[in-house]
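> Next up is a structure, given as structure tokens.
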């Protein structure tokens, strides 16, 4: 979680300065979802993400240097500077990709789960998506098909209450998203997505179900983004369109998943302060190294524009 | 009812392609004229800014390929209003596509309701040395290019298509017969696109060209993220000027 937070916050200044232009949908505030779910996965399990997927990539173990190089749109990036912030990919770690067409990667994760099912290799796939993705039809088709074949697929809905800038109450009759899975006879959880232990516990059960051929599973994580829809505060890369009430943001800041988990660790005396500081220091230096690497990496050669159109 | 459905980013409009193509476009024909779909589907092109492949596309040629659909692309504030009014009044499904790169352009637009007729191109600059056919953002760039070319003694005639389908073939042929030189600038991909269609129309009409026509288009490549690649990918005024100088 620290590593994710450190990545996201280190991007704020380069975005503000215009050094980073690719639209960055920062994951700050939602770290417990990626960390809680993906900590139940192995490198062989699959993850598909969204436009806001720096956290999924980092949790899945993708190289920080290659992520930062991609966000700086450099040739050394994980997508060779062709994809930018919204197309992080680390196949060697099971991070099969991320894409900003809302809801678009859910059926791709379904395909990965179907492949695991056909091969019988016990791998599990997760589709991360936001509350906004439930406005697209593909998710319902995927729920049905996954349920029909009992596929090892975990639908992870990060309900941060806003579809871009539209409050959930203006686009859904019910704020309870997990109920969309019920008609498909899918085991569901609706949990505090800012409590990493709760997320981890739910994901552990979901993974166990999936590995034993009793999938799919649906986990709705209630969470909140601390930053803008795009960029640090929607006033730099976005269009000054953050309409969220300041009091609401303030309430959620108090539920910061990282401080809560730190508090838990210290109150249970599970991690001494020195060890925690060492973790933070390590995350900060890894991220600083990755950013420095990105900065000194060259941009793609324009004569290679059409290099990856087809294989 | 005359619905106008807005897609603030045309890439997401592909989610609606089935009702647009299978249903709306075919409805009038397959119902033997007993029903029609007078809907405007407004797709906004939003490119550049290292947004990459899924946030940079334009599908005007693809929609123009579909029988039953009309496709309009305004390049000026006046046309944006006039074509929208005409699209709403039209009895057929009309795909209205505009480009965010034009959104900072300012001009006086009449308050009254007026129409810019669908199917009519506009001659933005008159000239006899070569014809530049363009649409949307590149129509604006072509006008700028023509003004620059004029300083060097090249008189370019600029045709802003305004409507992609039905294409104003008469305006294109009239101009190309006069100038004998044709440059087509399209912000879509090269293969099977607007530029190929215009080239075919000119060839079929047997127009004798003084030099082979030139197509300026995006390469057959998804939009890249990195600015170093974006610079090689997108077309602007300077590209039109350079191509026109070679052709004239």
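Protein chains in written order, with my numbering: chain A, 2 to 312; chain B, 159 to 406.
The beta carbon of each residue, even a glycine, is placed where N, CA and C say it ideally should be.
Just so you know, these numbers come straight off a predicted model, no measurement behind them.
1. Compute the distance between the beta-carbons of residue 405 (chain B) and residue 369 (chain B), then report whether it is under 7 Å.
2. If I'm right that residue 192 (chain A) touches residue 220 (chain A) with Cβ under 8 Å, what's the distance once you round it to whole angstroms?
3. How many angstroms separate the CA atom of residue 86 (chain A) from the CA atom of residue 229 (chain A)?
4. Rounded to whole angstroms, what's the CA-CA distance from residue 181 (chain B) to residue 174 (chain B)? Just pull it up for me.
5. Are the CB atoms of residue 69 (chain A) and residue 32 (chain A) within a distance shorter than 7 Å?
6. Would you verify that the beta carbon of residue 88 (chain A) is, or is not, closer than 7 Å to some beta carbon of chain B?
7. Let me know if residue 283 (chain A) comes out buried or exposed under the rule of 16 or more other beta-carbons within 10 Å of its beta-carbon.
8. Among the candidates B:298, B:280, B:209 and B:163, whose CA atom is the shortest distance from the CA of residue 22 (chain A)?
9. When you compare each of A:110, A:78 and A:181 to residue 293 (chain A) by their alpha carbons, which one comes out closest?
10. Quick check: residue 401 (chain B) and residue 372 (chain B), are their CB atoms within less than 7 Å of each other?
11. Anything in chain B within Cβ reach of residue 74 (chain A), meaning under 7 Å, just list it in chain order.
12. Can you name the start and end residues of the alpha helix (DSSP H) that residue 302 (chain B) belongs to?
13. Helix, strand or coil: which one does DSSP assign to residue 339 (chain A)?
14. Find the nearest neighbour of residue 358 (chain B) within the set B:347, B:342 and B:346, judged by alpha-carbon distance.
15. Taking buried to mean at least 16 other C-beta atoms within 10 Å of its own C-beta, is residue 89 (chain A) buried or exposed?
16. Quick one: residues in its chain with C-beta nearer than 7 Å to the C-beta of residue 397 (chain B), no 5 flanking neighbours on either side, listed in chain order?
17. Given this structure, state the Cα-to-Cα distance separating residue 4 (chain A) from residue 104 (chain A), to the nearest angstrom.
18. Give me the DSSP bridge partner(s) of residue 50 (chain A).
19. Can you check the segment 305-345 of chain B for any beta strand (DSSP E) of at least 3 residues that lies completely inside it and give the ranges in chain order?
20. Given that a residue counts as buried once 16 or more other Cβ atoms are within 10 Å of its Cβ, and exposed if not, what is residue 213 (chain A)?
21. Report yes if the C-beta distance between residue 84 (chain A) and residue 75 (chain A) is below 7 Å; otherwise report no.
22. For a contact meaning CB atoms closer than 9 Å, what does residue 380 (chain B) contact in chain A?
23. What are the start and end residues of the alpha helix (DSSP H) that includes residue 289 (chain B)?
24. At least one CB of chain B closer than 7 Å to the CB of residue 23 (chain A): is that the case?
25. Which of the residues in the segment 384-403 of chain B, read from start to end, lie with their CB under 7 Å from any CB of chain A?
26. Residues of chain B with a CB under 9 Å from the CB of residue 137 (chain A): which are they?
27. Rank A:102, A:44, A:251 and A:14 by C-alpha distance to the C-alpha of residue 165 (chain A) and give the top, closest one.
28. Starting from residue 194 (chain B) and walking both ways along the alpha helix (DSSP H), at which residues does that stretch end?
29. Hey, is residue 212 (chain B)'s beta-carbon within less than 7 Å of any beta-carbon in chain A?
30. For residue 106 (chain B) and chain A, any beta-carbon pair shorter than 7 Å?
31. When you compare the CB positions of residue 34 (chain A) and residue 158 (chain A), do they come within less than 7 Å of one another, or not?
32. In this structure, does DSSP put residue 309 (chain A) in helix, strand or coil?
33. Excluding the five sequence neighbours on either side, which residues of its own chain have a C-beta within less than 7 Å of the C-beta of residue 296 (chain A), listed in chain order?
34. Here's the rule: buried if 16 or more other CB atoms are within 10 angstroms of the residue's CB, otherwise exposed. What is residue 47 (chain A)?
35. Against residue 169 (chain B), what residues of chain A qualify as contacts under a CB-to-CB distance less than 9 Å, listed in chain order?
36. Do residue 151 (chain A) and residue 216 (chain A) have their beta-carbon atoms positioned less than 7 Å apart in this structure?
Answer, in terms of the structure:
1. yes
2. 7 Å
3. 15 Å
4. 11 Å
5. no
6. yes
7. exposed
8. B:209
9. A:78
10. yes
11. 208, 383, 384 and 385
12. 295-309
13. Because chain A in this structure spans residues 2 to 312, residue 339 (chain A) falls outside the shown range and cannot be described.
14. B:342
15. buried
16. 374
17. 26 Å
18. A:99
19. 314-318 and 321-323
20. exposed
21. no
22. 83, 309 and 310
23. Unbroken run through residue 289 (chain B) is the beta strand (DSSP E), 288-292; no alpha helix (DSSP H).
24. yes
25. 384, 385, 386, 387, 389, 390 and 391
26. 173
27. A:102
28. Where residue 194 (chain B) is concerned, there is no enclosing alpha helix (DSSP H), given that its DSSP letter is neither H nor E.
29. yes
30. There is no way to answer for residue 106 (chain B), as the model of chain B reaches only from 159 to 406.
31. no
32. coil
33. 73
34. buried
35. 101 and 102
36. yes
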